[in-house]
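In full-length UniProt numbering, the protein residues as written are 1 to 450. Worksheet: the structure to be examined is printed underneath.
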Amino acid sequence: MFDSITGSLKNAINKIRHKDDAAALKKATTELKKSLLKADIHHKTTKELVTEVELETKKNGIGQDSFVNALKNQFTKVLTTEGNQGFVFSNTPPTTILMTGLQGSGKTTTTGKLANYLKTRKKKVLVAACDLQRLAAVEQLKQIAAQVEVDIYFDDNENDPVKIAKAAQEKAQKELYDVLLIDTAGRLAIDEELMLQLSNIKDSINPDEIFYVADSLTGHDATKTAQTFKEKIGIDGVILSKYDGDTKGGVALSIAHQVGVPLRFIGIGEKMPDLEVFIPDRIVSRLLGLGDIEGLAEKTSAIIDEKKAKEVTKKIKKGEFNFNDFLEQLAMMSKLGSMKSIIGMIPGLSQMAGPLKDMDFENSDEIKRIKAMISSMTKKEREQPSLINPSRKRRIANGSGLSEVQVNKILKQFKNASKMAKKLSSKGGMKGLQNMLSQMGPGGMPKIPR
Ligand SMILES: Nc1nc2c(ncn2[C@@H]2O[C@H](COP(=O)(O)OP(=O)(O)OP(=O)(O)O)[C@@H](O)[C@H]2O)c(=O)[nH]1
Numbered sequence: 001m002f003d004s005i006t007g008s009l010k011n012a013i014n015k016i017r018h019k020d021d022a023a024a025l026k027k028a029t030t031e032l033k034k035s036l037l038k039a040d041i042h043h044k045t046t047k048e049l050v051t052e053v054e055l056e057t058k059k060n061g062i063g064q065d066s067f068v069n070a071l072k073n074q075f076t077k078v079l080t081t082e083g084n085q086g087f088v089f090s091n092t093p094p095t096t097i098l099m100t101g102l103q104g105s106g107k108t109t110t111t112g113k114l115a116n117y118l119k120t121r122k123k124k125v126l127v128a129a130c131d132l133q134r135l136a137a138v139e140q141l142k143q144i145a146a147q148v149e150v151d152i153y154f155d156d157n158e159n160d161p162v163k164i165a166k167a168a169q170e171k172a173q174k175e176l177y178d179v180l181l182i183d184t185a186g187r188l189a190i191d192e193e194l195m196l197q198l199s200n201i202k203d204s205i206n207p208d209e210i211f212y213v214a215d216s217l218t219g220h221d222a223t224k225t226a227q228t229f230k231e232k233i234g235i236d237g238v239i240l241s242k243y244d245g246d247t248k249g250g251v252a253l254s255i256a257h258q259v260g261v262p263l264r265f266i267g268i269g270e271k272m273p274d275l276e277v278f279i280p281d282r283i284v285s286r287l288l289g290l291g292d293i294e295g296l297a298e299k300t301s302a303i304i305d306e307k308k309a310k311e312v313t314k315k316i317k318k319g320e321f322n323f324n325d326f327l328e329q330l331a332m333m334s335k336l337g338s339m340k341s342i343i344g345m346i347p348g349l350s351q352m353a354g355p356l357k358d359m360d361f362e363n364s365d366e367i368k369r370i371k372a373m374i375s376s377m378t379k380k381e382r383e384q385p386s387l388i389n390p391s392r393k394r395r396i397a398n399g400s401g402l403s404e405v406q407v408n409k410i411l412k413q414f415k416n417a418s419k420m421a422k423k424l425s426s427k428g429g430m431k432g433l434q435n436m437l438s439q440m441g442p443g444g445m446p447k448i449p450r
């Protein structure tokens, strides 16, 4: 998700090789500034962040470790704004969310994604179709609701969105829904009529939170419109849509700081599972290429049961992650949405996000090769990859139709990844970064040979 920023941060970090090298720190901060601006992070945010990183590194003694820690702290500071993180449930259900945004920002799709996010977490969700501005919007929401299997409230005979919102809320209260998501109308640009309509809905239903869906492809305009929505109707969170199409990626890192409202979720594709929760410290971990074990486990537990997710995390931490776990994860991952984002959550694998980002699980040659290799292993070998000696490798290569070189490389890659995962998920994980960076060449992890 953040591969280009992660890559340039790595370049900045690599400028510092020795302790107390002030000239190297200068080079690193110059590189940092250049890459943040190139990523389209707001210039004010960039300036503040770079200055603070430099000060903190100097204060703690110049070195790669202290520079990485300063980056981690300062990024977390920039991404953290007063307000809720992720999805927060009200003490008195239904938690009512007003979804707002400009026309085409992805508001209706995002309403469906959020409904799906909550549904996979076993919540009873009702969506309300209050976008009466665009003719097809109600129909679109009906289709999306059917797709993610949540209930929808609409009224084709009513043309007052306030009345529809109110009736939806009554239904949600009476029928004990956990969450009510209200899709509202958008406009091509901010206008008084839209703001008045939203204010009226807000006054009538008193939502727990108002989310503003901003199109990340509009760059700094996304920040500006969010600001205006905040001033005019008050918003509690921003959801950045279409982040998958944003090659620069910096808006996500400065929008909360600029608008003063937390970024809650990011849309990373057109499919319903393509919604990522935005928790600052987890995002920072991914930005620095350290993955997000906690996020992965949380996401995983929505698909498989929580106990199993914990088991996997424990296995990773103990370095016992084996090929059976790998196959199981692979089958499950295809249900989790974008490959790029999943890879970014696995420590040590985030550098592969580039080559693997568009991977299609069913049809990918790389995955087919790995599966072929695993299917030629014995039960014991899958459970205990360390058993695989040269003669076993030859047998596996023959059985899977791969060359010995290919088998060797895949095994090595698996071993390295589990080692890194173990190291980085431990308490001293930050220290592991230094080792990880020194082990990796400029292209990240070695590619699986074709
Ligand atoms: N690639 C990508 N496309 C997205 C994402 N979110 C939404 N879209 C697409 O953006 C387009 C517009 O989305 P809608 O949900 O219809 O937009 P809207 O804001 O509800 O529009 P109005 O109802 O007209 O206000 C659709 O084609 C969506 O599939 C995303 O995160 N990534």
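No residue lacks a Cβ here, since even glycine has one placed at the ideal position from N, Cα and C.
Residue 97 is a Cβ neighbour of residue 208, given a cutoff of 8 Å. Remark: the shortest separation between the CB of residue 140 and any heavy atom of ligand 1 falls under 7 Å. For residue 151, no alpha helix (DSSP H) encloses it; the enclosing beta strand (DSSP E) starts and ends at 151 to 153. Per the DSSP secondary-structure output, residue 68 pairs with nothing in a beta bridge. Three or more Cβ pairs closer than 8 Å define a contact, and the segment 4 to 23 meets that threshold against the segment 52 to 65. For residue 150 and residue 114, the gap between their C-alpha atoms comes out near 11 Å. Taking 8 Å as the cut-off, the Cβ atoms of residue 15 and residue 27 count as close. Residue 102 is a Cβ neighbour of residue 225, given a cutoff of 8 Å. With 16 or more other Cβ atoms inside 10 Å of its own Cβ, residue 264 counts as buried.
Taking non-hydrogen atoms of ligand 1 into account, the C-beta of residue 143 is found less than 7 Å away from none of them. Within 10 angstroms of the beta-carbon of residue 91 lie fewer than 16 other beta-carbons, which makes it exposed. Cβ-Cβ distances below 7 Å link residue 123 to 178 and 179 in the same chain, with the five nearest sequence neighbours on each side left out; the list follows chain order. Taking each of 249, 409, 152 and 291 in turn and checking the Cα distance to residue 36, the smallest one comes out for 249.
Beta-bridge annotation (DSSP): residue 98 is paired with 182 and 210. Residue 157 sits exposed, since fewer than 16 C-beta atoms from the chains shown fall within 10 Å of its C-beta. In the structure shown, the three-state DSSP call for residue 4 is helix.
Between the segment 69 to 84 and the segment 154 to 169, the count of C-beta pairs closer than 8 Å stays below three; the two stretches do not touch. Taken in chain order, the unbroken stretches of alpha helix (DSSP H) that lie wholly in the segment 75 to 148 and span 4 residues or more are 107 to 120 and 137 to 148.
Counted as a single uninterrupted DSSP element, the stretch harbouring residue 245 is not any alpha helix (DSSP H), since DSSP gives it neither H nor E. Here DSSP, grouped into helix, strand and coil, assigns residue 176 to coil. Collapsing the DSSP output to three states places residue 282 in a helix. Annotated as proximal: residue 131 and residue 183, with beta-carbon spacing under 8 Å. Sequence-distant Cβ neighbours of residue 370 in its own chain, meaning closer than 7 Å and more than five residues away, are 410. Within 10 angstroms of the beta-carbon of residue 403 lie fewer than 16 other beta-carbons, which makes it exposed. In the three-state reduction of the DSSP assignment, residue 321 falls in the coil class. Distance from the Cα of residue 218 is smallest, within the candidate group 10, 40, 2 and 417, for 40. Judged by DSSP secondary structure, residue 383 falls outside any beta strand (DSSP E) and instead within the alpha helix (DSSP H) spanning 379 to 383.
Under DSSP, the beta-bridge partners assigned to residue 265 are 239 and 277. Remark: the C-beta of residue 270 is in contact range of ligand 1, defined as less than 7 Å to any heavy atom.
Exposed is the label assigned to residue 43, since fewer than 16 other Cβ atoms lie within 10 Å of its Cβ. Closer than 7 Å to some heavy atom of ligand 1: that describes the Cβ of residue 105.
The beta carbon of residue 133 is closer than 6 Å to those of 185 in its chain, skipping five residues each way along the sequence. With distances taken between CA atoms, residue 84 lies nearest to 278 out of 323, 418, 278 and 137. Counting the other Cβ atoms within 10 Å of the Cβ of residue 324 gives fewer than 16, which makes it exposed.
For the set 231, 245, 210 and 228, the Cα lying nearest the Cα of residue 239 is the one of 210. At the C-beta level, residue 127 and residue 118 stay beyond 8 Å of one another.
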